[in-house]
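Heads up: the sequence shown is residues 49 to 97, going by my numbering.
Idealized CB from N, CA, C, for every residue including glycine.
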Amino acid sequence: MSAAQLLMCALMVIATVALIVTGPDDGPVEQAAAAASESLLSLTRILNH
Numbered sequence: 049m050s051a052a053q054l055l056m057c058a059l060m061v062i063a064t065v066a067l068i069v070t071g072p073d074d075g076p077v078e079q080a081a082a083a084a085s086e087s088l089l090s091l092t093r094i095l096n097h
C-alpha cells in the first residue's frame with residue numbers, strides 16, 4: 049500500500065470510530081463523520097484503481 053492509501057485507511061477508521069462512539073444520534077457531528085467516511089471510501093476506491 050502506498051502512503052496515501054494508508055492515510056485514507058487510517059482516516060476511515062477514525063471516522064468509523066467517531067460514529068460508533070457518538071451513538072445513534074443524527075446530529076451535525078455524526079452527519080459530518082458519515083460524510084467524511086463516505087468521501088474517504090470513494091477516494092480509496094479511486095486510489096486502488
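According to the neighbour-count rule (16 or more other Cβ atoms, all chains shown, within 10 Å of its Cβ), is Ala-63 buried or exposed?
Counting from one through the sequence shown, the residue named residue 63 turns up at place 15. Counting other Cβ atoms within 10 Å of its Cβ, Ala-63 reaches 16 or more and is therefore classed as buried.
Where do the N-terminal and C-terminal ends of the alpha helix (DSSP H) with Ser-90 fall, by residue?
Stepping through the sequence shown from its first residue, residue 90 is reached at position 42. Looking at the DSSP string, the run of the alpha helix (DSSP H) that includes Ser-90 is 76-95.
If we count the other Cβ atoms within 10 Å of its Cβ and call it buried at 16 or more, is Ala-81 buried or exposed?
Taking the first residue of the sequence shown as position 1, residue 81 is located at position 33. Buried, because 16 or more other Cβ atoms sit within 10 Å of the Cβ of Ala-81.
Proximity below 8 Å, CB of Ser-85 to CB of Leu-67
Here residue 85 refers to the residue found at position 37 of the sequence shown. Here residue 67 refers to the residue found at position 19 of the sequence shown. The answer is yes: Cβ separation under 8 Å.
Roughly how many whole angstroms lie between the Cα atoms of Leu-179 and Val-65?
This structure cannot settle anything about residue 179, because the visible part of the chain is limited to 49 through 97.
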